[in-house]
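In what follows, a single structure is set out as structure tokens and then discussed.
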């Protein structure tokens, strides 16, 4: 266990307690703490309450540690600045069109960071974590052939941001980042093996096995959006037909909602279209709540498609929990009910017996929470765990 | 790394080489070796060739180590006795009906072990590994609600065999055992993340992630036989309809072959039925080789069903290799071709780019090879790895 992680997750600890939790004798702990103090990451915070013996020094994370957490969605950009304990200090959001390419999006990120800096939420960043809506080679810190991010293929995102902000930077796929966030501070915080299913503009799945993100051999594990759910079905952005994402996703719902509004099949959606000039996936959710038959059908059919894919995956990987998040998680219980029915019907009873299928607890903050976590882990990497004496 | 594993996988090593490979100084290695000698597991084998300095003692595994490897299939029973290097010393096979229940099968196992013992291939067993065709709680060493093994639910298999043969015993699902064998000595021996798909009387999948068997939270990961592949489809032994296993497996093929033989739709199968009074899944394979249209169609359609399930799984878990084994792997290239087409067509190009989909190298020996490996690992567990000095 790292000193830095222990402090991050527990708050300030007395020197004695740190030694106990790390099972380290004083003689090995002290030089480690000295290194961390010298690098400005930890500092003494007075005397800890005595446990009977000599009063012990209280060790905490330096109050000026600042992590930059960036979550780039297909259409939204969220940035959060946190302290060393991952507590948010400031946050800012904006709309974004990730298809506009890296230079537009990066200058937008720069603008938001500029606002945060002038608002004095940070002076310099200790580390940065970034999630983007496409496959990433985490080792290189670059997007790799991201289908929904034209212009981003192999763009040196980590290098560019790391240079710009002068701090270690990690880049990962948005869904992995959200999954890590939910596993650290969300509903899956005590769960080691779970899936985080993101239903947003696209559909993806974060895989957490034994407490770690599982990426597969090429880094594309969890890319369930292009699993074929019907042999005909609508054409997908990827060029194939019948992909899950083409049948059910934010983009697919918006397309179907527009058609239902224009044809008049859904009075609710037609009214929305007339009122605002456009209908979105979120309107389908609102329509379902108001029991508009077309909206209800779209959510049900979509949930069933997603449920079928997840049923196969549940039988295969036998997870402890499924967390549903992303923009369309707003469809809420209606969607969840449909997914549950299909999974419970189709998967092995042994695999579904105690399987909670739940909504994300962090909601729209899952991404930035995971990104801040990613940022913090980089500091830990620089200070490898103190080895225990044998 | 364990001394025992190092010797098992490399053969006898000089004391110097052992110390080098374990990065252990002499002073720490010697007491460890002394313990292993005292327990009769390793012994000195004379002088190793000098590497310039003092000649070093050659350390080998005791020649009387014997592992009992038991593979219980739905209809077959294979037992192999190996030495400490997992080299087979003797083997014996028999037909079995696992549905006859534990007492019948155990007495059959006893009979075969009796023959092996009287043939002097072993005097006493050092450890035993057992694979059975159903879900197993590995920790307890018992089958758990195995759908194809009536009478076996929660039968204390490990305890019974361990008591009978006076040796540590591990029990696991057959497909996990075969998967471990293929990963250790078969075609996947250098591959850390792969799937072993068993197509036999039933269908199952072993999951190897990062060099270890992944079991899921309830131990039923990889149980892909009851994934629904069609909403109608034939009824399955599990009570549901449309399961993969009901559409394609040894049992399903035999059922379809019989129908095609009786209706005369397949002259080839009708001739087999007339000649031998029965037709089996293997006859379908033989018919496909002779290009009997019905047999070809059955293999193609079955391969496509299996391929569809695997395509979803490949997109989800992004493995480095898929190994196809089990009794129906004898359908061979015809089956493989069909599986490949569907997976390559349906899964993400990134996930299928370098994905070998190959037949098991160990074939019918995958099970006993894995079972012997399981047996050997128990000895290693008793002697925890020597810790490295820091």
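Residue numbers (my numbering), protein chains in the order written: chain S, 50 to 439; chain E, 50 to 439.
Ideal Cβ placement from N, Cα and C applies to all residues, glycine included.
None of the values given here were measured: they were computed from a predicted structure.
- Secondary structure note for residue 107 of chain E: its beta strand (DSSP E) is the uninterrupted segment 106-110.
- With fewer than 16 other Cβ atoms inside 10 Å of its own Cβ, residue 212 of chain E counts as exposed.
- Cβ neighbours of residue 61 of chain S within its own chain (closer than 7 angstroms, five residues either side excluded): 94, 107, 108 and 109.
- The beta-carbon of residue 120 of chain S is placed no less than 7 angstroms from the nearest beta-carbon of chain E.
- Here DSSP, grouped into helix, strand and coil, assigns residue 202 of chain E to coil.
- Annotation: the region 167-234 of chain E contains the following complete segments of the alpha helix (DSSP H) (minimum length 4 residues), in chain order: 206-214 and 223-234.
- Comparing alpha-carbon positions, the option among S/123, S/364 and S/119 lying closest to residue 130 of chain S turns out to be S/119.
- Under the three-state reduction of DSSP output, residue 262 of chain E falls in the strand class.
- Judged by pairs of C-beta atoms under 8 angstroms, the region 134-146 of chain E does not touch the region 191-199 of chain E, as fewer than three such pairs exist.
- Under the three-state reduction of DSSP, residue 277 of chain S is assigned to strand.
- Take residue 297 of chain S, set aside five residues on each side of it, and the residues of its chain with a beta-carbon closer than 6 angstroms to its own are 351, 354 and 355, in chain order.
- Residue 413 of chain S has its alpha-carbon roughly 9 angstroms from the corresponding atom of residue 227 of chain S.
- CA-CA distance, residue 386 of chain E to residue 251 of chain S, rounds to 32 angstroms.
- Nearest in C-alpha terms to residue 274 of chain S, of all of E/318, E/229, E/362 and E/322, is E/362.
- Here DSSP, grouped into helix, strand and coil, assigns residue 369 of chain E to coil.
- In this structure, residue 178 of chain E lies away from residue 359 of chain E, with their beta-carbon atoms at least 7 angstroms apart.
- Per DSSP, residue 54 of chain S is one residue of the alpha helix (DSSP H) stretching across 52-59.
- Inside the region 303-387 of chain S, DSSP marks whole alpha helix (DSSP H) runs of 4 or more residues at positions 316-325, 330-338 and 342-366, from first to last along the chain.
- Judged by DSSP in its simplified three-state form, residue 404 of chain S adopts coil rather than helix or strand.
- Close partners of residue 263 of chain E in chain S (Cβ separation under 8 angstroms): 258 and 366.
- By the beta-carbon neighbour count (other beta carbons within 10 angstroms, threshold 16), residue 59 of chain E is exposed.
- In the three-state scheme derived from DSSP, where H, G and I count as helix and E and B as strand, residue 124 of chain S is classed as coil.
- Under the three-state reduction of DSSP output, residue 93 of chain S falls in the strand class.
- In the three-state reduction of the DSSP assignment, residue 392 of chain S falls in the helix class.
- For residue 191 of chain E, no Cβ of chain S is located within less than 7 angstroms of the residue's own Cβ.
- Secondary structure at residue 117 of chain S: strand, using DSSP grouped into helix, strand and coil.
- 7 angstroms or more divides the Cβ of residue 258 of chain S from the Cβ of residue 239 of chain S.
- When Cβ-Cβ separations below 7 angstroms define contact, residue 269 of chain S makes contact with chain E.
- With fewer than 16 other Cβ atoms from the protein chains shown falling within 10 Å of its own Cβ, residue 215 of chain E counts as exposed.
- The beta carbons of residue 174 of chain S and residue 117 of chain S sit about 4 angstroms from each other, so the pair counts as a contact at 8 angstroms.
- Along the region 269-287 of chain E, going in chain order, the ones with a CB nearer than 7 angstroms to a CB of chain S are 269, 270, 271, 272, 273, 275, 276 and 277.
- Collapsing the DSSP output to three states places residue 240 of chain E in coil.
- Distance from the CA of residue 400 of chain S to the CA of residue 124 of chain S, rounded to the nearest whole angstrom, comes to 36 angstroms.
- Excluding sequence positions up to five before and after residue 334 of chain S, its CB lies within less than 6 angstroms of the CB of 379 and 380, all in the same chain and listed in chain order.
- Between residue 372 of chain E and residue 284 of chain E, the gap from beta carbon to beta carbon reaches 7 angstroms or more.
- When 8 angstroms is used as the limit between beta carbons, residue 194 of chain S is near these residues of chain E: 399, in chain order.
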